[in-house]
Structure formats: C-alpha cells, structure tokens
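Asks:
Numbering (the numbering used here), first residue to last: 8 to 347.
Now the structure itself:
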C-alpha cells in the first residue's frame, strides 16, 4: 500500500507486535487447532503471516515487561468496545480496535518501545474494565511476569493475517462505522505509545496500589470513618446499595473489608447480602454470586489498599468533609495531561 515494500511492512509490524523472540503461536486455519512453535521469530515468520500462509501468535510478556496490551472482547457488542475506548481516552490512553478472526474485537494499547512493567499495564487495563462493569474480559498478557508456572505465558493471534484480511477480519476498524481503515499501514505507523509514567499517574490517582492512610485520619472519627473503620462512602454503599458500577463498588467494598481484617469468606457472604439491595438501571441484572467471588478474590489476593476516592463508583457517595479525601487532596497531586 502507498508504495511500501515488503521489508518496510514487516519492520512496521515487528515494532508493534513483538514479544518473546524464540517462540510463537500458530493455528491451522482449517481446523482451528492451535499450537506453540519453539523457533526464532524471524522476518520470514512475519512475512508468511502477512501473506496468509501461516498465522503468527505473539507472546507479549518478556520477563516482567510488555510492549503492548490487548483486551479480547469476545462478542459482537460494539457498545462495550466503544465504552472501553471512551474510558481509556478519558485517561489519555489511545486504543486501536481490531476485528478478530472469529467473532468480537481485540482492543490494543501500545506501550513505549523499551516496554513497561506488565503488572502496571494489567492493573490499569483491569481498572478500565471494572469502570465499564466488564471485569470478566480476557486481557493479554495474562501474567505479571514469567516464572516457573508461566514459562512462556499465553500467545494472542496477531492482526493482519493475510488469508483473513480479504474477509474484513484481523484488520483495524474505525470506531465510527466499524469499517476497516483504508490504509492499515498508515494507521500502524502513526500509533500513540503509552509511557509508563502515565500508568503510574493513573495507578496513583485511582488508588490502584497501596496508599498509606492519611496522617490526619482518625479511625474513630464520625466524619470520616465509622467506629468500625469504614469511610462514609463505603457505609452509604453498604447501607443503600447502588444502581450502577456494581462490580467496581463490590471490589472497593471488598478492599475496605479486607483492611478491617474481615476473613475472606465472611466478606463474600456480606457482599452477597449487599447485592440484594442493588437496583441496577438500564435493564442490567444484579451482580451475580460468581462475580462477587471474583471481585472479592482480586481484592484479597493482591495488595490493593486504596480508598477509591475520585472513582466513578465512589464519587456519588463522597462527602467533602471526609478526612480520607481531604488527606489525598493535601498529599497527592497528579497530572494526567491532555486526553487524546
């Protein structure tokens, strides 16, 4: 396209869809049978993929770093994809949407060329999915780091497999019409890469990692926390239930209950009772038991300790006088920059 030669296209592709250099995934286009290939990822491997001769699947995770993230929206619901893109844009994150080979879409986020800590990228992407109430979506890479239990991680099929491009699949689409971009290579040449510093800002402002309790917070204060140590927002949500952001609210409540020292099984039981108070809008159903277990497990198994101040789930229940919020205003200043 536009005079680009084969070598140039392969180079553009390799800059974006790269990971482990000594192993890749593939599948049989007829049977769909997937397998791993333990061999170097050469220009010829990429060339055969682009020509439609043999699919290429990339293992994105290298040690504990990755240069791209992808969310697998395994359904035809375009609205969900659009919500994810809009939420990402709110934080200054550019998302590129690919029509997958079977059904649904892959949402790609490209990171700085030297890679970023996968733990941070996964944390931010998971947060975006929680905010649009789609926490069950599959994300790649699936691990924070390679170890004895995840020697290679999981591969994701790369875009632009020549055999399917002609069918309008594995191509990047315009979100206005969901039609393929007329020049895929011009799009890939112009992608915006996300810096790790932006991830750090998003993690901090949304309390996605451990944040020390503000020094001026009195656990027994009636203004901020109850005599049981819960801040006002959590008390309101537990008392009244919610009409939206159920999964995000469930996760935040689980973090608070963990901070109080409540055992995991008791937290799950309490949140199942809380769910009965919810009155979701727009035809949505009350959060299901397995979703409560999933959100509580995430909260208890990882070092989350933030209060969630500023998140869309907690903001409607926030009190300006809350010392937790006041403490964050005085101690934390974060700039996310201009949204794309």
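Positions of the beta carbon are idealized from the N, C-alpha and C atoms, including for glycine.
Please report the distance separating the alpha-carbon of residue 294 from that of residue 254.
Replies: Residue mapping note: residue 294 aligns to position 287 of the chain shown, counting from 1. Residue mapping note: residue 254 aligns to position 247 of the chain shown, counting from 1. When rounded, the distance between both Cα atoms is 7 Å.
Asks: Between 184, 162 and 133, which lies nearest to residue 41 when the distance is taken from Cα to Cα?
Replies: Counting from 1 along the chain shown, the entry for residue 41 is found at position 34. Residue 162 is the option with its Cα nearest to residue 41.
Asks: Can you find the residues in the same chain that come closer than 8 Å, C-beta to C-beta, to residue 195, ignoring five residues on each side of it along the sequence?
Replies: Within the chain shown, residue 195 is the residue found at index 188, counting from 1. Counting only Cβ-Cβ distances below 8 Å, and skipping sequence neighbours, we find 19, 20, 23 and 179.
Asks: Cβ atoms of residue 215 and residue 119: under 8 Å apart, would you say?
Replies: Residue numbering aside, residue 119 sits at position 112 when the chain shown is read from its first letter. Residue numbering aside, residue 215 sits at position 208 when the chain shown is read from its first letter. Going by C-beta atoms, residue 119 is not nearer than 8 Å to residue 215.
Asks: Within this structure, are the beta carbons of residue 175 and residue 58 separated by less than 8 Å?
Replies: Working through the chain shown from its first residue, we reach residue 175 at position 168. Working through the chain shown from its first residue, we reach residue 58 at position 51. Not in contact: residue 175 and residue 58 (Cβ atoms no closer than 8 Å).
Asks: Please classify residue 75 as buried or exposed, where buried requires at least 16 other C-beta atoms within 10 Å of its C-beta.
Replies: Translated into the one-based positions of the chain shown, residue 75 becomes position 68. Classification of residue 75: buried, given that the 10 Å Cβ count is 16 or more.
Asks: So residue 135 and residue 95 are supposed to be a Cβ contact under 8 Å. How far apart are they, rounded?
Replies: As a position in the chain shown, residue 135 is number 128, starting the count at 1. As a position in the chain shown, residue 95 is number 88, starting the count at 1. Yes, they are in contact, since the Cβ atoms of residue 135 and residue 95 sit about 6 Å apart, within 8 Å.
Asks: If you count every other CB in all the chains shown that lies within 10 Å of the CB of residue 289, and 16 or more means buried, which is it?
Replies: Sequence index remark: in the chain shown, residue 289 carries index 282 (1-based). Exposed: under 16 other Cβ atoms inside 10 Å.
Asks: Less than 8 Å between the CB atoms is what I'm expecting for residue 110 and residue 81, so what's the real figure, rounded?
Replies: The residue you call residue 110 lines up with position 103 of the chain shown. The residue you call residue 81 lines up with position 74 of the chain shown. That belief holds up - the Cβ atoms of residue 110 and residue 81 are roughly 7 Å apart, short of 8 Å.
Asks: Going by CA-CA distance only, name the one from 103, 248, 50 and 306 that's closest to residue 198.
Replies: Stepping through the chain shown from its first residue, residue 198 is reached at position 191. Ranking the options by Cα distance to residue 198, first place goes to 103.
Asks: Would residue 203 and residue 123 be called neighbours here (beta carbons separated by less than 8 Å)?
Replies: The residue labelled residue 203 in the question sits at position 196 within the chain shown. The residue labelled residue 123 in the question sits at position 116 within the chain shown. Their beta carbons are under 8 Å apart, which means residue 203 touches residue 123 by this criterion.
Asks: Residues in the same chain with beta-carbon distance under 6 Å from residue 15, minus the five sequence neighbours each way, listed in chain order, please.
Replies: Counting from one through the chain shown, the residue named residue 15 turns up at place 8. So the list is empty, once near-sequence residues are dropped.
Asks: In whole angstroms, what is the alpha-carbon distance linking residue 207 and residue 37?
Replies: Within the chain shown, the letter at position 200 stands for residue 207. Within the chain shown, the letter at position 30 stands for residue 37. For residue 207 and residue 37, the distance between alpha carbons rounds to 43 Å.
Asks: Please state whether DSSP places residue 118 in a helix, a strand or coil.
Replies: Translated into the one-based positions of the chain shown, residue 118 becomes position 111. Strand, per DSSP.
Asks: Could you tell me which of 60, 73 and 10 sits nearest to residue 28, measuring between CA atoms?
Replies: The residue you call residue 28 lines up with position 21 of the chain shown. Comparing Cα-Cα distances from residue 28 to each of 60, 73 and 10, the minimum goes to 73.
Asks: Give a yes or no on contact between the segment 266–274 and the segment 148–164, applying the rule of three or more CB pairs nearer than 8 Å.
Replies: Taking 8 Å as the limit for Cβ pairs, the verdict is that the segment 148–164 does not touch the segment 266–274.
Asks: Going by C-alpha distance, which of 93, 258 and 237 is nearest residue 114?
Replies: Locating residue 114 in the chain shown gives position 107, counting from the first residue. If we check each option's Cα against that of residue 114, 93 comes out closest.
Asks: Here's a check: name, in chain order, each residue in its chain whose Cβ is nearer than 6 Å to the Cβ of residue 142, leaving out the five neighbours to either side.
Replies: In the chain shown, counting from the first residue as 1, residue 142 sits at position 135. 136 and 254.
Asks: Report yes if the C-beta distance between residue 279 and residue 299 is below 8 Å; otherwise report no.
Replies: Sequence index remark: in the chain shown, residue 279 carries index 272 (1-based). Sequence index remark: in the chain shown, residue 299 carries index 292 (1-based). A contact, by the Cβ cut-off of 8 Å.
Asks: By how many angstroms is the C-alpha of residue 48 removed from the C-alpha of residue 159?
Replies: Taking the chain shown and counting its residues from 1, one reaches residue 159 at position 152. Taking the chain shown and counting its residues from 1, one reaches residue 48 at position 41. Rounded to the nearest angstrom, the two C-alpha atoms are 14 Å apart.
Asks: Looking only at its chain, what residues have a beta carbon closer than 8 Å to the beta carbon of residue 45, apart from the 5 residues adjacent to it on each side?
Replies: Translated into the one-based positions of the chain shown, residue 45 becomes position 38. Closer than 8 Å at the Cβ level, and outside the excluded window around residue 45, lie 29 and 30.
Asks: Would you mind listing the beta strand (DSSP E) stretches within the segment 77–110 that are 3+ residues and don't spill past its ends, in chain order?
Replies: DSSP runs (the beta strand (DSSP E)) wholly in the segment 77–110: 103–106.
Asks: Among the residues of its own chain, which have a CB less than 6 Å from the CB of residue 146, if the five just before and after it don't count?
Replies: In the chain shown, the residue the question calls residue 146 occupies position 139. Cβ neighbours of residue 146 beyond the five flanking positions: 78 and 132.
Asks: Go ahead and pull the three-state DSSP assignment for residue 71.
Replies: The residue given as residue 71 occupies position 64 in the chain shown. It is coil, neither helix nor strand.
Asks: Buried or exposed: where does residue 25 fall if 16 or more other Cβ atoms within 10 Å of its Cβ makes it buried?
Replies: Along the chain shown, read from residue 1 onward, the residue named residue 25 stands at position 18. Buried, since its Cβ has 16 or more Cβ neighbours within 10 Å.
Asks: Nearest to residue 322 by alpha carbon, out of 309, 302, 249 and 297?
Replies: Against the chain shown, residue 322 aligns to sequence position 315. The shortest C-alpha separation from residue 322 is found at 249.
Asks: Based on the DSSP secondary-structure assignment, which residues constitute the bridge partners of residue 355?
Replies: Because residue 355 is not part of the residues shown, which for the chain are 8 to 347, the question remains open.
Asks: For residue 167, count neighbouring C-beta atoms within 10 Å of its own C-beta (all shown protein chains included) and say buried if the count is 16 or more, exposed if not.
Replies: Your numbering for residue 167 matches position 160 in the chain shown. Flag for residue 167 reads buried.
Asks: Starting from the N-terminal side, write out each stretch of the beta strand (DSSP E) that is 3 residues or longer and does not extend beyond the segment 191–218.
Replies: The qualifying runs do not exist here; there are none.
Asks: Find out if the Cβ-Cβ distance for the pair residue 108, residue 177 is shorter than 8 Å.
Replies: Working through the chain shown from its first residue, we reach residue 108 at position 101. Working through the chain shown from its first residue, we reach residue 177 at position 170. Yes, the Cβ-Cβ distance between residue 108 and residue 177 is below 8 Å.
Asks: Helix, strand or coil: which one does DSSP assign to residue 296?
Replies: Counting from one through the chain shown, the residue named residue 296 turns up at place 289. Three-state DSSP puts residue 296 in a helix.
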